[in-house]
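In full-length UniProt numbering, the protein residues as written are 2 to 342. Just so you know, even glycine gets a beta-carbon here, dropped at the ideal spot from N, CA and C. Quick caveat, the model's predicted, so the values are computed rather than measured. Read through the structure below, which is laid out as structure tokens, and then see the notes.
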Amino acid sequence: AAQMYYDADADLSLIAGKAVAVIGYGSQGHAHALSLRDSGVDVRVGLAEGSKSRAKAEAEGLRVVSVAEAVQEANVVMLLTPDHVQRHVYTESIEPHLAEGDALFFGHGFNIRFGYIKPPAGVDVCMVAPKGPGHLVRREYVDGRGVPVIVAVETDATGKAWDLALSYAKAIGGLRAGGIKTTFTEETETDLFGEQAVLCGGMSQLVQYGFETLTEAGYQPEVAYFECLHELKLIVDLMYEGGIAKQRWSVSDTAEYGDYVSGPRVIDEKVKENMQAVLADIKSGAFAERFINDQDAGAPEFKELRAKGETHPIEATGRELRKLMSWVKTTDSDYVEGSAG
Ligand code: NDP
Ligand code: MG
Ligand code: MG
């Protein structure tokens with residue numbers, strides 16, 4: 002069974018005794034920096050010149066300096082810029098200022114697993130990866146709870162890397178929910194697979210196909226939206242609370258029977274073979290290479306796909322319907338409807 006760690010297993014004073022630099026102040030960066038600070042940790046935020054995030058971090062009372070200064074001051078550096086810019090930030094502003102005995106932390110293993118960043122010997126390399134979006138990570142911390150975290154050590158140069166990683170995980174509230182010990186390889190490959198095959202890729206496509214099937218058959222888009230997207234949250238909440246079994250317990254016998262006979266017709270064995278092919282491309286590095294090459298070229302493929310996604314009719318239908326649903330609120334003030342990204 003996986004090894005689990007909770008608050009009692011970690012010593013907060015280890016991270017509180019360090020100077021921590023959080024590089025980037027986006028989804029994860031703001032959650033880490035604010036929760037570290039609230040846990041009594043000495044934290045500064047490292048951002049590029051002219052960064053859009055700077056004002057937001059300063060408004061929260063955080064000290065913002067350049068990435069290079071942040072790394073110079075700190076002995077623990079958490080790199081939370083987007084994965085595809087991490088190696089540039091690392092090469093230009095982090096590596097030159099890393100000292101023996103410092104620790105380099107990641108929120109996802111991408112750049113280490115695929116070899117885009119190769120830290121020097123003498124530096125601990127750790128991961129604390131919350132299994133949830135950054136805005137939820139922060140909200141849960143403030144509410145006295147946490148989002149589960151994945152904790153891993155790639156290089157234990159000091160002999161103290163593991164305890165330090167657990168201490169960091171505790172400081173952002175992760176060990177209130179539980180930390181699972183894993184490796185950079187397992188975290189990276191399963192994280193990419195989960196988001197591609199099930200959580201983001203698989204789910205988005207399933208919802209779109211359901212909506213298309215109903216509207217192409219002449220049903221009203223508003224009705225199709227409710228059946229194929231809106232209700233999904235209610236179903237997922239039940240799964241989250243009690244597994245697929247609780248979802249089947251709660252729905253009608255009609256729905257449960259339909260689940261058994263039609264689920265495997267929609268998601269058939271071919272889909273599993275497709276998933277295995279997706280996993281193979283993740284493990285071989287082919288996905289990583291395609292992503293990074295596109296980003297390095299200015300992200301033409303990414304931008305085209307993003308713009309195309311926005312034009313799907315389900316988005317326009319949803320925008321109109323959500324205006325009528327006062328109980329559906331976005332709590333993330335920096336999300337703007339209809340603005341890709
Ligand atoms: P974001 O896209 O939200 O990060 C944006 C931040 O990075 C902004 O503050 C941005 O500054 C800053 N940034 C961008 N380029 C640079 C640069 N060259 N130098 C300095 N700062 C820069 O990232 P996420 O939070 O989504 O992801 C961060 C890490 O966390 C990734 O490794 C990701 O895989 C991992 N992760 C993310 C999750 C999530 O919830 N999003 C969940 C679990 C892990 P500016 O405002 O100036 O653009
Ligand atoms: Mg991910
Ligand atoms: Mg129904």
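Does the beta-carbon distance from residue i to residue j come in below 8 Å?
i       : j       : result
Asp-43  : Val-72  : no
Ala-153 : Cys-127 : yes
Glu-228 : Leu-215 : yes
Leu-15  : Ala-34  : no
Ala-75  : Ser-94  : no
Ala-166 : Gly-123 : no
Leu-105 : Ile-24  : no
Ser-28  : Ala-172 : no
Val-148 : Ala-170 : no
Phe-185 : Arg-114 : yes
Arg-177 : Asp-8   : yes
Gly-319 : Tyr-220 : no
Val-46  : Ala-60  : no
Gly-110 : Glu-188 : yes
Ser-67  : Glu-50  : yes
Let's test the definition: count the other Cβ atoms within 10 Å of the Cβ of residue i and tell me whether it reaches 16, buried, or not, exposed.
i       : result
Asn-112 : buried
Tyr-91  : buried
Arg-38  : buried
Ser-310 : Correcting the residue identity first, residue 310 is Gly in this sequence and not Ser. Looking at its Cβ environment, which holds fewer than 16 other Cβ atoms inside 10 Å, Gly-310 is exposed.
Lys-119 : exposed
Gly-175 : buried
Lys-19  : buried
Met-5   : exposed
Ser-253 : exposed
Arg-146 : exposed
Thr-183 : buried
Tyr-241 : exposed
Residue i lies in the alpha helix (DSSP H); which residues open and close that run?
i       : result
Met-204 : 202-217
Pro-97  : Looking at the DSSP string, Pro-97 is not in any alpha helix (DSSP H), and its letter there is neither H nor E.
Leu-15  : 13-17
Ala-287 : 287-297
Ordered along the chain, which non-local residues of its own chain (more than five positions away) have a Cβ less than 7 Å from that of residue i?
i       : result
Arg-323 : Val-329
Glu-190 : Ile-283 and Lys-284
Arg-55  : Leu-48 and Val-65
Leu-13  : Ser-40, Ser-168, Lys-171 and Ala-172
Glu-302 : Asp-295
For residue i, write down the residues that DSSP places opposite it in a beta bridge.
i       : result
Tyr-6   : Gly-180
Ser-67  : Leu-48
Pro-314 : Bridge partners of Pro-314: none, in fact.
Leu-105 : Val-78 and Val-126
Leaving aside the five residues before and after residue i along the sequence, list all residues of the same chain whose C-beta is less than 8 Å from its C-beta, in chain order.
i       : result
Gln-209 : His-313 and Ile-315
Pro-121 : Glu-96 and Leu-99
Once you ignore the five residues that flank residue i on each side, which residues in its own chain have a CB closer than 6 Å to its CB?
i       : result
Ala-234 : What sits at residue 234 in the sequence shown is Lys, not Ala. Closer than 6 Å at Cβ, skipping near neighbours: no residue.
Arg-249 : Glu-257
Ala-198 : Met-276 and Val-279
Ala-32  : Gly-135, Val-138 and Arg-139
Tyr-117 : Arg-88
Tyr-261 : none
With residue i as the anchor, note down where its beta strand (DSSP E) starts and where it stops.
i       : result
Val-21  : 20-24
Ala-153 : 150-156
Val-77  : 77-80
Glu-125 : The sequence shown places Asp at residue 125, rather than the Glu named in the question. First-last of the beta strand (DSSP E) with Asp-125: 125-131.
Does the beta carbon of residue i come closer than 8 Å to any beta carbon on chain D?
i       : result
Lys-234 : Of the protein chains in this structure there is only one, and it is not chain D.
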